[in-house]
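S.K.:
Residue numbers (the working numbering): 733 to 1356.
#1: Suppose contacts are defined by Cβ-Cβ distances below 7 Å. Is residue 776 in contact with residue 853 by that definition?
#2: Once the 5 residues before and after residue 746 are set aside, which same chain residues still bring their CB inside 6 Å of it?
#3: DSSP three-state label for residue 1300, please.
#4: Using only CA atoms, which one of 1304, 1007, 1034, 935 lies nearest to residue 1019?
#5: How many Å lie between residue 805 and residue 1130 at the Cα?
#6: Hey, how far is the Cα of residue 908 from the Cα of residue 772?
#7: Are the beta-carbon atoms belonging to residue 868 and residue 826 less than 7 Å from one another?
#8: Taking its Cβ as the centre, do 16 or more other Cβ atoms sit within 10 Å of residue 914, making it buried, or is it exposed?
#9: Can you have a look at residue 979 and say buried or exposed, based on whether 16 or more other CB atoms are within 10 angstroms of its CB?
#10: Given residue 1302, which residues of its chain have a CB within under 6 Å of its CB, disregarding the five upstream and five downstream residues?
#11: Once DSSP output is grouped into helix, strand and coil, what is the label at residue 1232?
#12: I'd like to confirm the pairing. Which residues does DSSP put opposite residue 1070 in its beta bridges?
#13: When we look at the beta-carbon of residue 1199 and count the other beta-carbons within 10 Å, is it buried (16 or more) or exposed?
#14: Three-state secondary structure (DSSP) at residue 1261?
#15: Confirm, please, whether the CB-CB distance from residue 1254 to residue 1205 is below 7 Å.
#16: Does DSSP put residue 771 in a helix, a strand or coil?
#17: Indicate the three-state DSSP secondary structure (helix, strand or coil) for residue 1266 in the structure shown.
#18: CB-CB under 6 Å to residue 1140, same chain, minus the five flanking residues each way: which ones, in chain order?
#19: Just to confirm, is the Cβ distance from residue 1184 to residue 1164 under 7 Å?
#20: By Cβ distance, which residues of its chain are closer than 7 Å to residue 963, with the 5 residues on each side in sequence left out?
#21: Quick check: the Cα distance between residue 957 and residue 949, rounded to an integer number of angstroms?
#22: If contacts are defined as beta-carbon pairs under 8 Å, then residue 1187 and residue 1160 qualify, I think. What distance do you get, rounded to the angstrom?
#23: Where does the unbroken alpha helix (DSSP H) through residue 1190 begin, and where does it stop?
#24: Report buried or exposed for residue 1359, applying the criterion of at least 16 other Cβ atoms within 10 angstroms of its Cβ.
#25: Look up residue 737 in the DSSP assignment and say whether it is helix, strand or coil.
#26: With a threshold of 8 Å, are at least 3 pairs of Cβ atoms found where one atom belongs to the stretch 1062-1075 and the other to the stretch 1004-1019?
#27: Residues in its own chain within less than 6 Å of residue 1208 by CB, not counting five upstream and five downstream?
#28: Does the ligand SAM have a heavy atom nearer than 6 Å to the CB of residue 1343?
#29: Just curious, the alpha helix (DSSP H) that residue 1113 is in, first and last residue?
#30: Residue 998 by DSSP, collapsed to three states: which one?
#31: Please list the terminal residues of the continuous alpha helix (DSSP H) segment that includes residue 859.
#32: Below 8 Å on the Cβ atoms is my contact criterion, and I expect residue 975 with residue 1004 to pass it. Report the Cβ-Cβ distance as a whole number of Å.
#33: Helix, strand or coil: which one does DSSP assign to residue 1284?
#34: Assuming contact is defined by CB atoms lying nearer than 7 Å, are residue 1002 and residue 994 in contact in what I supplied?
#35: Give the straight-line distance between the Cα atoms of residue 1147 and residue 1194, rounded to the nearest whole angstrom.
#36: Please classify residue 1050 as buried or exposed, where buried requires at least 16 neighbouring CB atoms within 10 angstroms.
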């Protein structure tokens, strides 16, 4: 650069370009959205011209972005230092690299990806040999981050992964070998008295590395490396809190989403921690509102907040439901009832593990500062993270889940969100179903199932089966099964009585007929437009359809009547459904695995019923 005046002009133009890109561009008109970006680009090109070319020694390698950084074929990671890695960069080289970085970002912002990639590669090339120096490392890392994002947007995920993993390796090597807060890319055009503090440099460098981890989490998710994606997501969330680099709503949604991964892994302590943190951080967004926005913008913001709050509530519902279902799976016997021996054994085991509770707590990657941790821990105390072992404990989890059901339904109402609303109601029904498992009193258990029917049945009335076929099937099957369970409970209650009265007979028959009705509706939904039942069932409906046939057969056998002819008709109907299941599995042996228990009982009943029907027929014949 020729004169101090040229350098002063270059600094002024560089700073002006940043203001145009970051501030003025927000005010650009819709018909010219990149007006400020294009002006910023012109200024950056002038700065580049004033700086002149870099020294030859900084331009001697053009291979895919250089060591530690580039695309396919480039060296990767700390081992790829190459000759001169860590060499002191020339001032002109790092200044040019800073300009190239901004030009790259500018072209990406204006959707000119090829040009953006070229400038980012120029940035890498200019500081390749000095990338471990404080003046250059942040430039190199941020160029790699943005190339990773660029290739990810091109759906070239493996290439994106190469850049981002290389950026991660560069950070780790720099922190291990150097450790001092490096210069921010924009500092190269600041006067000495305007340079950043060490603390601010550190904050910006750590923020850039947090972006590396954030995009790596997305890349691993895309590549279905689920465990690694969750690990990186958790680390990213933790760092965002640590360095105050987050938007509360986005952070809360990401934490709530991560909780669902932990649920699937049955890591309920970690899942609860993520959800508690999500609720605490989300409350920050609820407490702040922008006074600069227009009234319509504020209304939209409030609407968005309500939606996000409802989405977090739905994640809480899944947590409570899965915790209860996990408990049921560990406590039920081979006929689906509460195993009292298992219950006693698990309670004794839990008592032995009480002392290890604190150690388990430490295994969680805790979020936030000490004050925030206190708020998160207070939130956690509202719901257990160990599966409940009796009705009292199950009810506590149920009530938390039910409160979140009410919260989610406030936003996801039938009008406008019918699918979401139905899914929430189905989860509510499932909460009652699993709570009923823990209830020993049959009458109270029946009332819980009746609550399920009362919330599910109205949904089927106005639901168009043509547009909501799958949802209709789910509701029909669940209603049928709920009536079926209630019928079984009423039969069990009746078996304890010395004599059946007309009221309980009528109730059993009514429940059985309602169950048959909904099972038949479900089976009818599988028929083609000509009302013909499929010869071979699809894999997705195989077990439900055969179970429906089996249950209908059993339900006809449970109907109570004093009319011999009706009893014979019921036996005949029952035999036809049992026979269907047996014949289907003989024709399609691959179906046997889906209904082994039901098939065994169907074969037995198909063998017994004809003889029973003959005896009844003989009994009736004198009167015919």
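Built from N, CA and C at the ideal position, the CB exists for glycine as well.
M.R.: Taking the definition as stated:
#1: no
#2: 779, 921
#3: helix
#4: 1034
#5: Note that residue 805 scores 38 on pLDDT, short of 50, meaning its location in the model is unreliable; the coordinates nonetheless yield the value given after this. Going from the Cα of residue 805 to the Cα of residue 1130 covers about 55 Å.
#6: 37 Å
#7: yes
#8: buried
#9: exposed
#10: 1288, 1291
#11: coil
#12: 1064
#13: exposed
#14: coil
#15: yes
#16: helix
#17: coil
#18: 1042, 1045, 1046, 1156
#19: yes
#20: none
#21: 9 Å
#22: 6 Å
#23: 1174-1193
#24: This structure gives no information on residue 1359, because the portion of the chain shown stretches from 733 to 1356.
#25: helix
#26: no
#27: 1250, 1253, 1254
#28: Judged by which ligands are present, the structure shown has none, so any question about the ligand SAM falls away.
#29: Neither: residue 1113 is in no alpha helix (DSSP H) and is coded neither H nor E.
#30: coil
#31: Looking at the DSSP string, residue 859 is not in any alpha helix (DSSP H), and its letter there is neither H nor E.
#32: Not really, about 25 Å apart at Cβ, beyond 8 Å.
#33: helix
#34: yes
#35: 12 Å
#36: buried
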